[in-house]
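Order-wise, the sequence lines are chains U and R.
For what it's worth, my numbering labels the leading residue of the first sequence as 63, then goes sequentially.
For what it's worth, my numbering labels the leading residue of the second sequence as 63, then goes sequentially.
For every residue, glycine included, the Cβ atom is placed at its ideal position computed from N, Cα and C.
Computed from a predicted model, the values in this text were never measured in an experiment.
There are 2 protein chains.
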Amino acid sequence: MGKLARKVALVGAGTSKFGQTFPLRRIPEHWTDAWLNAVATVDNGIEPKDIEACYVGNYSADLFNHQGHLGPMISSLVGLNPKPAPRFEGACASSGIAMRQALITIASGLMDVICVCGIEVMTEVPTVGVTDALATASDVTFEYTAGATFPGLYAAIASAHMHKYGTTHEDLMRVAIKNHINGKENPYAQMQRSIKDLMERKIAKVKGAGGEVPDWKDEFDYLKSPSNPPIAWPLHLFDCSLVTDGAACLFLASEDVAKKFTDTPIWITGTGQGSAAIAMHDRTTLTALEATVEASRQAYQMSGRGPKDMQIAEVHDCFTIAEICAMEDLGFYEKGKAVEAIKNKDTYRDGAKPINTSGGLKSKGHPVGATGAAQAVEIFKQMRGIAERDRQMKFDVEIAMTHNLGGSGGTCVVQIYEK
Amino acid sequence: MGKLARKVALVGAGTSKFGQTFPLRRIPEHWTDAWLNAVATVDNGIEPKDIEACYVGNYSADLFNHQGHLGPMISSLVGLNPKPAPRFEGACASSGIAMRQALITIASGLMDVICVCGIEVMTEVPTVGVTDALATASDVTFEYTAGATFPGLYAAIASAHMHKYGTTHEDLMRVAIKNHINGKENPYAQMQRSIKDLMERKIAKVKGAGGEVPDWKDEFDYLKSPSNPPIAWPLHLFDCSLVTDGAACLFLASEDVAKKFTDTPIWITGTGQGSAAIAMHDRTTLTALEATVEASRQAYQMSGRGPKDMQIAEVHDCFTIAEICAMEDLGFYEKGKAVEAIKNKDTYRDGAKPINTSGGLKSKGHPVGATGAAQAVEIFKQMRGIAERDRQMKFDVEIAMTHNLGGSGGTCVVQIYEK
Numbered sequence: 063m064g065k066l067a068r069k070v071a072l073v074g075a076g077t078s079k080f081g082q083t084f085p086l087r088r089i090p091e092h093w094t095d096a097w098l099n100a101v102a103t104v105d106n107g108i109e110p111k112d113i114e115a116c117y118v119g120n121y122s123a124d125l126f127n128h129q130g131h132l133g134p135m136i137s138s139l140v141g142l143n144p145k146p147a148p149r150f151e152g153a154c155a156s157s158g159i160a161m162r163q164a165l166i167t168i169a170s171g172l173m174d175v176i177c178v179c180g181i182e183v184m185t186e187v188p189t190v191g192v193t194d195a196l197a198t199a200s201d202v203t204f205e206y207t208a209g210a211t212f213p214g215l216y217a218a219i220a221s222a223h224m225h226k227y228g229t230t231h232e233d234l235m236r237v238a239i240k241n242h243i244n245g246k247e248n249p250y251a252q253m254q255r256s257i258k259d260l261m262e263r264k265i266a267k268v269k270g271a272g273g274e275v276p277d278w279k280d281e282f283d284y285l286k287s288p289s290n291p292p293i294a295w296p297l298h299l300f301d302c303s304l305v306t307d308g309a310a311c312l313f314l315a316s317e318d319v320a321k322k323f324t325d326t327p328i329w330i331t332g333t334g335q336g337s338a339a340i341a342m343h344d345r346t347t348l349t350a351l352e353a354t355v356e357a358s359r360q361a362y363q364m365s366g367r368g369p370k371d372m373q374i375a376e377v378h379d380c381f382t383i384a385e386i387c388a389m390e391d392l393g394f395y396e397k398g399k400a401v402e403a404i405k406n407k408d409t410y411r412d413g414a415k416p417i418n419t420s421g422g423l424k425s426k427g428h429p430v431g432a433t434g435a436a437q438a439v440e441i442f443k444q445m446r447g448i449a450e451r452d453r454q455m456k457f458d459v460e461i462a463m464t465h466n467l468g469g470s471g472g473t474c475v476v477q478i479y480e481k
Numbered sequence: 063m064g065k066l067a068r069k070v071a072l073v074g075a076g077t078s079k080f081g082q083t084f085p086l087r088r089i090p091e092h093w094t095d096a097w098l099n100a101v102a103t104v105d106n107g108i109e110p111k112d113i114e115a116c117y118v119g120n121y122s123a124d125l126f127n128h129q130g131h132l133g134p135m136i137s138s139l140v141g142l143n144p145k146p147a148p149r150f151e152g153a154c155a156s157s158g159i160a161m162r163q164a165l166i167t168i169a170s171g172l173m174d175v176i177c178v179c180g181i182e183v184m185t186e187v188p189t190v191g192v193t194d195a196l197a198t199a200s201d202v203t204f205e206y207t208a209g210a211t212f213p214g215l216y217a218a219i220a221s222a223h224m225h226k227y228g229t230t231h232e233d234l235m236r237v238a239i240k241n242h243i244n245g246k247e248n249p250y251a252q253m254q255r256s257i258k259d260l261m262e263r264k265i266a267k268v269k270g271a272g273g274e275v276p277d278w279k280d281e282f283d284y285l286k287s288p289s290n291p292p293i294a295w296p297l298h299l300f301d302c303s304l305v306t307d308g309a310a311c312l313f314l315a316s317e318d319v320a321k322k323f324t325d326t327p328i329w330i331t332g333t334g335q336g337s338a339a340i341a342m343h344d345r346t347t348l349t350a351l352e353a354t355v356e357a358s359r360q361a362y363q364m365s366g367r368g369p370k371d372m373q374i375a376e377v378h379d380c381f382t383i384a385e386i387c388a389m390e391d392l393g394f395y396e397k398g399k400a401v402e403a404i405k406n407k408d409t410y411r412d413g414a415k416p417i418n419t420s421g422g423l424k425s426k427g428h429p430v431g432a433t434g435a436a437q438a439v440e441i442f443k444q445m446r447g448i449a450e451r452d453r454q455m456k457f458d459v460e461i462a463m464t465h466n467l468g469g470s471g472g473t474c475v476v477q478i479y480e481k
């Protein structure tokens, strides 16, 4: 495993407004919105003629939209034909992979500028169809047919983590509470409400209806109430990320041309991808995700940086437990020690290690094939100082990371960004 | 669009036996067979520890097998975890894309050895499910919902070609006759019978049953009989490729390590990928495929070679008309002139421009996501002098090409190979 032959930068990035938008807004609307929002961030402008390929990350338009062969459809919509338009898939890490392959392609010398699309429009099928489509990212022969869907698989991880490290249901809640606070500051997020907001709204509603007002002191009481029902114990409703339609667009450029687009490129100095058995029963442990360990090892090695250097990170919180595992498997904290940091509010925006300033998959939403690229959009905005509302870091972010997971950890892609 | 930073070679290649094999042989069996057959072609041996990533080309295990997230599943089966295992998709050009991205990744300096898997197991669903899954590679909003499936789309191309250039139904038959002759010499092909064999078998059957023996002078008479019914005029049964289960495996290595595996690497000196609107009504012409023109332009430019230099080629004959279009769009012949060459038997194994010596998709079979890699397997065997039975070229093949198409021409990947 070597080094990349030349440097590659992110010179523009944007997402569509995430949400449940079918039938009004489908693949074309989400993608063209993401494109336009990304174009608006390129200081000196960018046009289709500047771009040599369109790399598309998508989990399964096959199952969500009954549309395969998405590459040329996506590239047509922004005038990029007849340029190459491959599609990349690795479950929920699909656009992390698309971005990684774009980076590699530019480093190879073949191209100078590539546009990356991450997209998933999930609400064209009913909820049972969403659950089904997602479950095909697990082992269909042994896991899905035995009745396991993703909340169940991550519940097994959470149970094992609780058993081994004493992690509690309250620790999981803390992750959700923090991410919803961040999502409130993100105008592109699906849920822009803190859990406290939701609690107060519920209290007002009950009061308005003349009912008995619940005796909730804080968010924890609310999250222990029937408003937060169990989905697959120990995971409750607010431990799960959202079903979301959305797209993200990134513009990557070689060191040779990056300055044409901007004076402040964000360099992608590390990339790594790891794999593990997609069936959890084929792994050696439930409490650590080997693919994350491997992907981050590669990315740290390439960049010459370590976990302590990461000032902020977007990690793959498809479930609250996944954020805790990521914090440990990325080496930010020792195994079993992440919850202490969470209790200390280290991962809040004003903490020692801010995580998921975008709101994360938990609150920003999780259009699965768009998620990896959308994480890069948040890092781009934070590093360029253009994050909306009150979530912009108060210090100059010089080094950051994205961590994008597929399935129950069968695939992981990690990227490191530097100014 | 530049050059690759370093040279990349094919050092091993093999396929599984193609056929309709469900339920006996599914994804794991096809893939491990292809792997073992490819390993057997690596002169000095190759082991999982030598390989840095597994690049998987697959069209839609989502729809054919209800299994997404195929990358880590494929890599697990051959002991490659925790290495990267991304999946690549571009309809029937999926493993052409996987191979191209592996080539680019090695050229980038990031890795030295990558294993490419192309796979599709299509017969787990009934025929209507196959037609449906394939149709999602067209424009689902406008084409498929209007009733068009792939035979219909290629029938429109064939009709237009007939109208513009005077191409006839007999010309289409000639493509099928030649490819079935070649497939007879390929022990990995799904149909190892010439059309003459099929005709004689039919005659013998009718005779045996005491029926009236058909007055067929040659294959053309047979192909004009009810044994070759129309599917979508002018395309008949024998104008269509097959529904197939199969896998292909390729080992790619950088110039720095290729000699470790073999003294006779096959260099991949050119690669190109093009796109076009996936809906045919959005294109400027039906009789030429812009994606092929663009992909070959890039590959010729990179390799410094031209159409005349290609001694043999595997082209994407998903329908007989597609082989004719490819011969023209790749620049082997002027538009409208390919049929003359076909009449002259130029594309036979002993002709001036042998095409689809493997039997092509028409006779070898078309496991869609495996096809691009399987084309490379044939070229590898021909260039190494190890093609089975009587189909090995009688001269030393020094330059060759693969042409892999997705959908009705929305995606095309071309690769050029040299000794």
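*Rounded C-beta distance between residue 428(U) and residue 303(U)? I'm assuming under 8 Å.*
4 Å
_Backbone CA spacing between residue 396(R) and residue 170(U) [nearest angstrom]_ = 34 Å
*Between residue 388(R) and the rest of its own chain, which residues show a CB-CB distance below 7 Å, the 5 nearest in sequence each way excluded?*
Cβ within range, chain order: 354, 377, 378 and 465.
*Within this structure, are the beta carbons of residue 417(U) and residue 223(U) separated by less than 8 Å?*
no
*Inside the region 207-270 of chain U only - alpha helix (DSSP H) runs reaching at least 4 residues*: Qualifying alpha helix (DSSP H) stretches, in chain order: 212-227, 231-245 and 257-270.
*Local conformation of residue 361(R) per DSSP, three classes*: Helix.
*Using the C-alpha atoms, what's the distance from residue 367(U) back to residue 219(R)?*
55 Å
*asked:* On the DSSP letters alone, give me the boundaries of the alpha helix (DSSP H) that residue 94(U) sits inside.
replied: Element bounds for residue 94(U): 89-101.
*Closest Cβ-Cβ distance between residue 465(U) and chain A: below 8 Å?*
Chain labels in this structure do not include chain A; the protein chains are U and R.
*To which residues of the same chain is residue 364(R) closer than 8 Å at the C-beta, ignoring the five residues directly before and after it?*
In its chain, beyond the 5 residues on either side, 65, 66, 331, 332, 333, 334 and 478 have a beta carbon closer than 8 Å to the beta carbon of residue 364(R).
*Starting from the Cα of residue 188(R), find the closest Cα among 93(R), 247(R) and 82(R) and give me that residue.*
82(R)
*Using the rule of at least 16 other Cβ atoms within 10 Å of the residue's Cβ for burial, across every protein chain shown, is residue 87(R) buried or exposed?*
buried
*CA-to-CA distance, residue 446(U) to residue 481(U), given in whole angstroms*: 9 Å
_For residue 164(U), tell me which candidate among 118(U), 76(U), 203(U) and 131(U) has the shortest Cα-Cα distance._
118(U)
*Backbone secondary structure at residue 429(U) - three-state DSSP*: coil
*Minimum Cβ-Cβ distance from residue 391(U) to chain R less than 8 Å*: no
*Tell me, please, whether the CB atom of residue 410(U) is closer than 8 Å to any CB atom in chain R?*
no
_residue 112(U) at chain R interface by Cβ criterion, 8 Å_ = no
_Which residues in chain R have a C-beta closer than 7 Å to the C-beta of residue 65(U)? List them in chain order._
171
_Rounded to the nearest angstrom, what separates residue 197(U) and residue 204(U) at their Cα positions?_
12 Å
*Please report the residue range of the beta strand (DSSP E) in which residue 307(U) lies.*
Counting along the chain, the beta strand (DSSP E) containing residue 307(U) begins and ends at 307-316.
*Rounded to a whole number of angstroms, what is the C-alpha to C-alpha distance between residue 457(R) and residue 238(R)?*
24 Å
*Tell me, please, whether the CB atom of residue 180(U) is closer than 8 Å to any CB atom in chain R?*
no
*Determine, using beta carbons only, whether residue 113(U) and residue 166(U) come nearer to each other than 8 Å.*
no
*Of all the CB atoms in chain U, is at least one closer than 8 Å to the CB of residue 437(R)?*
no
*First and last residue of the uninterrupted alpha helix (DSSP H) at residue 335(U)*: Premise fails: residue 335(U) lies in the beta strand (DSSP E), 328-337, not in any alpha helix (DSSP H).
*Starting from the beta carbon of residue 468(R), find every residue of chain U whose beta carbon is closer than 7 Å, and list them in chain order.*
131
*Rounded separation between residue 311(U) and residue 98(R) - CA only*: 40 Å
_CB contact flag (residue 402(U), residue 350(U), <8 Å)_ = no
*Mind listing the chain U neighbours of residue 337(R)? Cutoff is C-beta to C-beta under 7 Å, in chain order.*
133, 134, 137, 143, 144, 145, 146 and 147
_In DSSP terms, what residue 149(U) is bridged to_ = 118(U) and 151(R)
*Sequence-distant residues of its chain with Cβ nearer than 8 Å to residue 319(U) (five each side left out)*: 174 and 175
*Terminal residues of the continuous alpha helix (DSSP H) containing residue 319(U)?*
No alpha helix (DSSP H) holds residue 319(U); DSSP gives it neither H nor E.
*Who are the Cβ neighbours of residue 158(U) in its own chain at under 6 Å, not counting the five residues just before and after it?*
434, 466 and 475
_Three-state secondary structure (DSSP) of residue 347(R)_ = Three-state DSSP puts residue 347(R) in coil, outside helix and strand.
_DSSP beta-bridge partners of residue 417(R)_ = 375(R)
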